[in-house]
Structure formats: C-alpha cells, structure tokens
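See below for the structure under consideration.
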Amino acid sequence: MTAGIDALLIEDNLSDAQLFQELLTSSELIETTLYHAERFNEAIQALAANNNNFDVVLLDLCLPDGQGVELVKQIKALVPKIPVVVLTGIQDQNVAIAALKEGAQDYLVKSDTFSPERIKRLGYVDVGNLLAKTIQYAIERTELTKKLEISEERYALAVQGANDGIWDWDLKADTICYSRRWKTMLGLDNSDISDSPEEWLSRIYADDRSDFERKLQEHLDFHWVNFACEYRILHSDGSYRWMLTRGMALWDETGSPYRIAGSQTDITERKELEQSLYKEKELAQITLHSIGDAVITTDEYGHIKDFNPVAEKLTGWKAKEARQRSISEVCHIVDSNTGQPLQNPALQAIKEKKVISLSNHPTLISKTGEEFGIGDSAAPIRSATGEVLGTVLVFHDVTEERGRAKQLAWQATHDSLTELLNRKKFIHSLDEAIDQLMEQESQHMLCYMDLDHFKAVNDTCGHAAGDQLLRQVADLWRGQIRQTDILARLGGDEFGLLLYNCQLSRATQIADSFCQSIQRYRFMYDGKVFNIGVSVGIVPINSHTTSSEQVMRLADTACYAAKNKGRNRVQVYHPDDDGIHRQTEDIQWFSRVTEALDENQFQLYYQTIEAAVPGASDTRLCEILLRLPHPQTGEISPPMAFLPTAERYNLMPRIDRWVVESFFTYLASHPPIPKTIYSVNLSGSSINDESFIDFLEEQLRKYPVNPQILCFEITETLAIANLQKAVDLILKLKKLGCHFALDDFGSGMSSFNYLKHLPVDYLKIDGTFVKESPTDEVLCAMLQSINHIGHIMGLKTIAEYVENTAVLEKVQTLGIDYAQGYAISRPQPLL
2 MTAGIDALLI EDNLSDAQLF QELLTSSELI ETTLYHAERF NEAIQALAAN
52 NNNFDVVLLD LCLPDGQGVE LVKQIKALVP KIPVVVLTGI QDQNVAIAAL
102 KEGAQDYLVK SDTFSPERIK RLGYVDVGNL LAKTIQYAIE RTELTKKLEI
152 SEERYALAVQ GANDGIWDWD LKADTICYSR RWKTMLGLDN SDISDSPEEW
202 LSRIYADDRS DFERKLQEHL DFHWVNFACE YRILHSDGSY RWMLTRGMAL
252 WDETGSPYRI AGSQTDITER KELEQSLYKE KELAQITLHS IGDAVITTDE
302 YGHIKDFNPV AEKLTGWKAK EARQRSISEV CHIVDSNTGQ PLQNPALQAI
352 KEKKVISLSN HPTLISKTGE EFGIGDSAAP IRSATGEVLG TVLVFHDVTE
402 ERGRAKQLAW QATHDSLTEL LNRKKFIHSL DEAIDQLMEQ ESQHMLCYMD
452 LDHFKAVNDT CGHAAGDQLL RQVADLWRGQ IRQTDILARL GGDEFGLLLY
502 NCQLSRATQI ADSFCQSIQR YRFMYDGKVF NIGVSVGIVP INSHTTSSEQ
552 VMRLADTACY AAKNKGRNRV QVYHPDDDGI HRQTEDIQWF SRVTEALDEN
602 QFQLYYQTIE AAVPGASDTR LCEILLRLPH PQTGEISPPM AFLPTAERYN
652 LMPRIDRWVV ESFFTYLASH PPIPKTIYSV NLSGSSINDE SFIDFLEEQL
702 RKYPVNPQIL CFEITETLAI ANLQKAVDLI LKLKKLGCHF ALDDFGSGMS
752 SFNYLKHLPV DYLKIDGTFV KESPTDEVLC AMLQSINHIG HIMGLKTIAE
802 YVENTAVLEK VQTLGIDYAQ GYAISRPQPL L
C-alpha cells in the first residue's frame with residue numbers, strides 16, 4: 002500500500018465528502034489523509050497556508066462560491082505542480098475536455114463512478130481502489146510531466162524546442178534516421194532498430210498499418226501539405242502505444258518525392274482519456290435509455306435535444322419527431338384536480354435558473370390523449386461560467402401509485418362490503434356536526450339502526466347470504482336519503498344515519514320509511530325467503546350535545562328500547578322514558594359485567610347445605626355462589642342485579658366457564674372438606690353449548706379435582722325448556738362421576754311429568770313452597786308431596802329458603818333430607 006498521500010477535497014455536499022472518506026479508508030492501495038473544504042475560498046486559503054504541500058486536489062465543479070472549469074484554472078494558477086482530479090456531478094463531455102485542457106489530470110462523474118448501485122455491485126473496497134488508483138495515477142502523471150518538461154528542455158537545445166521524437170526518411174536510399182526521443186518513446190536503444198523503413202512499418206498495429214500507408218502514399222502522390230496519422234505501435238514492453246505522426250515531404254523538380262521528415266508524439270494518455278470519456282458518454286446514454294424515468298433535455302430556449310424511450314412512451318412522441326420542438330408542445334401538463342394547464346417546469350427552470358418541481362399533483366396528457374399522473378422535476382444545465390445552457394426534465398409515471406393512494410384513502414373511510422362510510426368516518430363526521438352546532442342555532446338527528454332477524458339469515462344460509470343481505474339493504478336505503486345526509490355501516494348489522502339540519506318530525510318520517518321499506522322487502526337466497534325488520538333509535542343533536550360518544554350511546558339505547566317493544570319500529574330518545582331507562586341500566590350492567598370478566602373482578606362465595614336432622618347424613622353439600630364487588634367501593638352486587646342482563650347479552654357462557662375454572666383453581670390449592678359435595682350452577686346457555694363438556698373435561702385434566710365431589714345445578718325451568726339437551730348433558734356429567742341437582746323444583750307447569758325423564762341426584766324444592774309452609778297448609782301439603790315423590794324416585798331432597806327456626810322445624814317434620822338458608826348458614830367469601 003502506498004502511504005503518505007495528503008489530499009485536499011473541495012466538496013460542499015457533506016454526504017459526498019463522507020462517501021469519499023469512506024471509500025479512501027476502505028482502499029487497499031493508498032493510505033490517504035483527506036482534508037475537507039466546503040467552499041472554494043476556504044480551499045484556496047488552505048492551499049496557501051499549507052505551502053503547497055498537498056499531493057493532490059479533489060475538486061467539485063459546483064460549489065456555492067464558484068462553478069465550472071474556471072475553478073480548475075484558478076487552482077492550477079495558484080499551485081501548478083499539484084495534480085487536480087475533478088469529482089463532479091456534471092455529465093458533459095465538453096466540460097470534461099475543457100477541465101482536462103485547463104490542467105485537470107482526471108475527470109470523474111460522481112453519479113456514474115460512485116453511484117449506490119455500483120458500490121452495492123462492486124463493494125466499497127473495489128470502488129475505493131478505483132478512486133485510489135485515480136489519485137495515484139494523477140500524481141504519477143504529474144511527476145512524469147515534470148520529468149518530461151525537464152527532458153524536453155534539454156531536448157529542445159538539440160531539436161530546436163521539439164517536444165517529440167524526430168524521424169527523417171530518405172526516400173531515394175529508403176533509409177530512416179530516428180532521434181533519441183523517437184526511440185525512447187518505444188523503449189528502444191540505438192541498436193534495437195535498424196534504419197530500414199520496413200522495421201518501423203512492421204511495428205505498427207496490423208489494423209492501423211494500411212491506414213498509415215494509405216495516408217502516407219496520398220501525401221506523396223498528391224503533394225498534400227502535411228502528412229498526419231494516429232496509430233498504434235509496438236513498445237519494447239510488448240504493449241501498443243498510440244502515436245501521432247506528422248510530417249512533410251520534399252519533391253524534386255520532376256515532382257518526385259525524395260525526402261520526408263516529421264515528428265512523432267505519444268498520445269496514449271489522450272487516447273485513453275478520450276476512450277474513457279467515450280465510454281462514460283456511452284454509459285450515460287445507455288443509462289438515460291435504460292432508467293425507468295422519462296428524461297428530456299432542452300437547449301436554453303426550451304427546444305428538445307434528447308428524449309429517452311420512457312419519455313416517448315409517456316408523451317406519445319417519437320424522439321426524432323420531438324427534437325427541436327418546444328418542450329411545452331410535447332409535454333402538456335395540467336393540474337390533476339382542476340384540469341387547468343400548468344407552467345412547464347423546464348421553461349420555469351430556465352427562467353428562474355433553479356431546480357423546479359411541481360407539487361400540485363400534475364397530470365401529463367400525451368399526444369394520443371392518454372393521461373398519466375407524474376412526479377417531476379427540472380434542473381438547469383449550466384456552462385463552466387454558470388450560464389444556463391438548457392434544462393433536463395425528469396418525470397415518472399405515478400398513475401398507479403396515485404390510484405393506490407386513492408384506493409387506500411377510500412378504504413380508510415368506507416366499508417368494503419356495502420361501500421357506505423365506515424364507523425370511523427361516521428364518528429368523525431358526527432364530531433364535526435357537533436362542533437358546528439356550538440356556533441349555530443339548529444339541530445341534527447342521529448338515527449341508530451339495527452336489523453331484526455339478521456342472525457336467522459346468517460345461521461340458516463351462512464355469512465355469504467348475510468353479506469348479500471347487507472349490500473341489498475345498503476342499496477335500498479341509499480336511495481331514500483338526501484345527498485347532504487350521511488349513511489354508514491357501523492359494524493355487523495348496525496347502521497348509522499346522520500340527518501343534517503333536520504327536525505324531529507322529519508327524522509321520524511325518514512326512519513318510519515326505512516322500517517316500511519324493510520318490512521316490504523323480501524330477501525331471497527338459495528330458494529329461501531326471509532322477512533326482516535329494523536329497529537331505529539333517534540337522538541336529537543343540538544348545542545347541548547357534548548360528544549359523539551354520548552350521542553351514540555343514547556341512540557344505541559333508544560334502538561334497543563325499540564327492539565324490546567316489538568322490533569321494526571322507531572324509538573325517539575327521551576330521558577324520562579322508563580323503557581329507555583331500563584335499557585340504559587342494561588347497557589351499564591353489560592359494560593360492568595364485561596369489564597368484570599376481562600379484569601377478573603368477580604368473586605366466589607359459598608353457602609353450606611346441612612342435613613335437616615343433624616346427624617342424619619354424613620355427607621353435606623356446599624353451593625358455590627357468584628358475587629360482583631364494586632371496583633372502587635367494594636359494595637357487593639347480588640346475582641339478580643346483573644345475571645338477567647348477562648343472559649340477555651349472551652354473557653352467561655363466559656360466566657359459567659369463569660366460575661368453573663376459578664373454583665377448580667381454588668380446589669387445586671385448598672384441599673376439599675372431607676365428605677362434602679360442591680354444587681355449581683349452570684345457565685341455559687351452557688346446556689345448549691355442545692363444547693361445554695369438552696371444556697369441563699379439559700379443566701378436569703388441568704386441575705387435580707375429583708369429579709365425585711362436584712355437583713352441577715340447573716333450574717327446572719331451563720331443564721324443561723331444553724329437555725333433551727339437559728338430559729344429554731346430565732348423562733355426560735354423571736359419566737364423568739359428577740352429581741346433578743334440579744334447582745327450583747315445583748315452579749314449572751308440569752314438574753312431576755318431566756321429573757321422571759331427568760336422571761338427577763338431588764331435588765332442590767322451590768323456596769316459594771318452603772318459606773310459607775309453617776303457616777299455609779296447602780303449600781305444606783304440596784311440599785310434602787314433592788318430598789314424597791322425590792324419595793320414591795330415589796332422590797335426595799333439599800329445602801331452599803330455610804330462613805328461620807319455624808321453617809327448619811317444618812322441614813324436619815316433613816322428612817326432607819337437607820336444608821339451605823340463613824337458618825343454616827349465610828353465604829361467605831371463598832378465600
């Protein structure tokens with residue numbers, strides 16, 4: 002690795018400067034210390050202060066305080082012996098040649114040589130080595146130039162200042178004499194080449210010899226003033242060097258040439274530079290025609306000079322047709338929203354002499370009338386002196402991108418199934434409407450609509466049918482509202498309607514028309530016909546409305562009140578309406594129970610069930626009860642406060658499972674009391690839930706609980722309503738080893754008739770018969786009859802509501818097996 006190179010980088014782009022530093026650091030060839038100057042004047046001061054001790058200057062031609070080839074000229078005037086390498090973004094062959102003529106040793110275009118794609122393809126080390134070689138060669142060429150200057154000064158004394166090799170060909174004798182410089186160019190000594198012209202000609206590259214001989218012969222035959230030819234000739238090291246040979250012949254009186262002499266100049270480096278520039282130009286042309294963006298260049302008047310294939314595709318113009326035409330004629334650009342013509346950015350860049358980009362979503366109208374959404378920018382092309390020579394306009398097709406953006410924007414605000422607004426957009430519109438009313442004396446109406454019997458369609462025909470029904474309902478209602486109103490699907494089978502500046506009477510009429518249209522509507526699917534309905538809750542929105550959350554909650558309450566009153570009807574929210582008040586309480590309890598399930602806030606209690614006659618049985622029972630404490634006050638809510646709501650909102654399956662799992666968790670850490678059977682209540686939902694038995698089996702596998710200490714209770718009413726499923730569940734539980742109890746027996750219409758079909762172990766007699774039995778002979782007789790039938794069927798009987806000594810004594814007298822109530826024990830927390 003060559004060491005000790007001090008380089009001055011003049012670059013105002015910090016990211017480019019950092020890139021060059023990283024590339025040089027990664028190079029395996031040169032150990033370089035890089036000094037960085039962001040301004041040209043700062044670099045000039047550094048050069049003066051450093052006593053010209055930099056080995057090389059790396060120069061950008063576009064700086065805030067100077068631009069173009071003039072920068073090279075100034076540096077070479079200040080430090081003529083320090084090589085200059087141009088690292089620039091200007092892709093202009095003329096600028097490159099001008100820079101080299103001013104003394105630059107090399108000219109590299111940053112976007113080509115150091116592009117991210119090239120670095121990614123070759124790697125930092127290879128690209129760093131390329132930059133290092135460029136610096137190394139620049140320094141070497143400068144040093145060679147210095148040596149050449151000294152040699153040329155010496156040689157000038159002998160050959161009158163000639164800088165080239167000299168040759169002299171005697172055409173009569175057919176011998177050639179070469180100067181030392183001529184031979185040195187080819188690495189030859191005096192003895193390495195004879196005076197025969199054939200030896201010179203034999204060293205010429207085969208493809209170039211015929212051209213050399215032809216031009217020489219034409220000069221001799223036609224007496225042309227000068228002979229000149231560029232060709233390759235073999236060097237002693239085996240390489241071929243490019244030479245420029247020039248000469249002039251002498252003719253005698255007869256017109257016959259007798260002598261020709263001339264010079265030979267080594268132009269290898271120039272040829273290599275030309276080839277390099279040619280390759281870069283070709284690369285630029287290939288890149289221009291390969292990139293996915295349309296690229297158009299113009300002159301300073303806005304007339305098109307170059308046109309790549311993407312530009313042809315988007316504009317509809319062929320390149321040969323577009324050249325020399327005005328850019329505004331070929332690129333017709335309009336505002337995508339208004340359709341109004343926009344000023345062409347290329348012409349604007351020429352006028353304002355700066356980069357121009359249109360930000361208002363321009364649309365390009367092609368020659369064929371096709372429209373493309375484009376993203377564009379135009380930049381001026383400057384000369385070395387900063388004069389605007391033209392522009393380059395770059396744009397790409399963003400039609401699909403804009404289409405996706407519009408689609409995403411639509412999807413963000415609409416329901417994809419019905420194409421109505423979605424809940425988020427509807428709530429946003431509702432918030433805006435509420436805000437507007439703070440400054441206006443008017444009112445809007447919110448209608449909250451829930452389809453009746455929609456679940457029957459889903460359950461009968463599947464979700465595809467339900468989706469089709471929702472689309473048809475949306476289409477039906479879409480034609481019944483004003484253009485200013487907003488109809489949205491809020492989720493599931495729920496819809497919202499916001500009526501702007503509407504009186505309550507008119508809102509009621511519109512809601513009634515919705516109900517009537519749905520009532521007349523018949524949904525047909527797969528040969529089946531369904532009648533559906535809609536329940537509508539209406540809430541006025543005025544200056545007293547505080548939030549969208551509040552008004553949506555009230556509308557939902559009114560909607561469910563409409564359902565409770567018979568469905569397919571309209572209910573206007575009134576704060577003093579008893580039905581709405583009850584519905585509000587239901588919704589509050591629904592929220593409270595859901596929160597309790599999610600946050601594990603329920604609490605288990607227990608109440609013991611003892612033998613009615615002490616010592617009559619060595620087995621006792623213990624019923625597991627559910628309570629709901631308030632999260633802040635700790636006040637306990639009894640089951641009848643929240644269970645009806647839980648049943649209406651289908652929360653009982655979750656509650657039953659929570660009780661089972663929580664109780665099993667308790668038993669896993671608290672050994673059960675000996676000779677005690679624990680009783681757990683089940684809801685009708687669990688009876689109908691075919692997966693409940695699987696859940697129970699999973700819990701029994703998970704927790705070490707003996708099934709024989711478990712007893713499950715269902716009420717007589719639920720058992721009769723779901724007789725077959727109740728029987729199936731009881732048999733499956735008994736097969737696991739569990740016991741079963743029939744609760745509230747005697748409350749049904751045909752209790753004894755159904756009892757023989759239910760394989761239960763315990764019969765819990767409805768407390769209505771028990772608590773009044775000491776004072777009511779009829780109830781006492783009924784209680785005695787139920788106990789007698791139970792014993793005949795081999796069942797243990799349990800008296801509920803044994804609240805005092807009198808009731809307990811009556812229960813004992815009648816021979817009932819067990820007693821439950823405050824006279825026995827009160828419910829206690831299960832700790």
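Using our numbering, count along the sequence shown one by one with no gaps and you end on 832.
All C-beta atoms, glycine included, are put in the ideal place defined by N, C-alpha and C.
Problem - From 513, 66, 23, 545, residue whose alpha carbon lies closest to that of residue 572 - result: 513
Problem - Alpha carbon of residue 670 to alpha carbon of residue 566, nearest angstrom - result: 49 Å
Practice task
Leaving aside the five residues before and after residue 564 along the sequence, list all residues of the same chain whose C-beta is less than 6 Å from its C-beta, in chain order.
Solution key: Only 536 meet the Cβ criterion.
Problem - As assigned by DSSP and simplified to three states, the class of residue 685 - result: Note: residue 685 maps to helix in three-state DSSP.
Problem - DSSP bridge partner residues for residue 178 (one or two, in chain order) - result: 169
Exercise for the section: Specify whether the segment 462-474 and the segment 435-445 touch according to this definition: at least 3 beta carbon pairs, one from each stretch, less than 8 Å apart. Expected result: no
Exercise for the section: Pick out the complete alpha helix (DSSP H) segments inside the segment 399-467, 4 residues or longer, and give them in chain order. Expected result: Counting only runs of 4 or more, we get 400-414, 424-438, 455-462.
Problem - N- and C-terminal bounds of the alpha helix (DSSP H) containing residue 658 - result: 653-670
Exercise for the section: Below 8 Å on the Cβ atoms is my guess for residue 73 versus residue 59; work out the distance and round it to an integer in Å. Expected result: 12 Å between Cβ atoms; not a contact.
Handout entry: Beta carbon of residue 328 nearer than 9 Å to that of residue 394
Key = yes
Exercise for the section: Mind checking which residues open and close the beta strand (DSSP E) that includes residue 225? Expected result: For residue 225, there is no enclosing beta strand (DSSP E), as DSSP marks it with neither H nor E.
Exercise for the section: Label residue 244 either buried or exposed according to how many other C-beta atoms from any shown protein chain fall within 10 Å of its C-beta, with 16 as the threshold for buried. Expected result: buried
Exercise for the section: Assign residue 767 to buried or exposed, taking buried as 16 or more other Cβ atoms, counted over all protein chains shown, within 10 Å of its Cβ. Expected result: buried
Problem - CB of residue 824 within 9 Å of CB of residue 805, strictly - result: yes
Practice task
Let me know if residue 641 comes out buried or exposed under the rule of 16 or more other beta-carbons within 10 Å of its beta-carbon.
Solution key: exposed
Practice task
Would you kindly check if the distance between the Cβ of residue 333 and the Cβ of residue 365 is under 9 Å?
Solution key: yes
Problem - Spatial neighbours of residue 650 in its chain, beta-carbon cut-off 6 Å, leaving aside the 5 residues before and after - result: Here the set comprises 591.
Practice task
Can you tell me which of the three DSSP states residue 495 falls into?
Solution key: Looking at residue 495 - three-state DSSP - the assignment turns out to be strand.
Practice task
Put residue 248 into one of helix, strand or coil per three-state DSSP.
Solution key: strand
Handout entry: Straight-line gap, residue 375 to residue 112 (C-alpha atoms, nearest Å)
Key = 23 Å
Handout entry: the segment 732-741 touching the segment 764-783, judged by at least three CB pairs closer than 8 Å
Key = no
Practice task
Look at the Cβ atom of residue 713, then the Cβ atom of residue 831, and state whether they are nearer than 9 Å.
Solution key: no
Exercise for the section: Just confirm the distance between the C-beta atoms of residue 447 and residue 556, as a whole number of angstroms; I'd bet it's less than 8 Å. Expected result: 5 Å
Practice task
Determine the closest residue to residue 294 out of 224, 397, 524, with distance taken between C-alpha atoms.
Solution key: 397
Practice task
Tell me whether residue 363 is buried or exposed, calling it buried when 16 or more other Cβ atoms sit within 10 Å of its Cβ.
Solution key: buried
Handout entry: Paired residues, beta bridge with residue 57 - DSSP
Key = 8
Handout entry: Start and end residues, alpha helix (DSSP H) containing residue 565
Key = Unbroken alpha helix (DSSP H) run through residue 565: 549-565.
Practice task
Within the same chain, show all residues whose beta-carbon is closer than 8 Å to that of residue 66, passing over the 5 residues directly before and after it, in chain order.
Solution key: 40, 41, 42
Practice task
Could you check the C-alpha separation between residue 541 and residue 409 for me, to the nearest Å?
Solution key: 33 Å
Practice task
Could you say if the segment 171-189 and the segment 256-273 meet the contact criterion of at least three C-beta pairs nearer than 8 Å?
Solution key: Touching, per the Cβ criterion.
Handout entry: For residue 827, the three-state DSSP class (helix, strand or coil)
Key = coil
Handout entry: Own chain, CB closer than 6 Å to residue 186, minus 5 neighbours either side, in chain order
Key = The answer, listed in chain order, is 166, 267.
Handout entry: Option nearest residue 229 by Cα separation, candidates 56, 246, 237, 339
Key = 246
Practice task
Would you kindly check if the distance between the Cβ of residue 129 and the Cβ of residue 887 is under 9 Å?
Solution key: Given a span of 2 to 832 for the chain in the structure shown, any question on residue 887 remains unanswerable.
Handout entry: Start and end residues, alpha helix (DSSP H) containing residue 62
Key = No alpha helix (DSSP H) holds residue 62; DSSP gives it neither H nor E.
Problem - Alpha-carbon spacing of residue 811 relative to residue 618, whole angstroms - result: C-alpha separation (whole angstroms): 18 Å.
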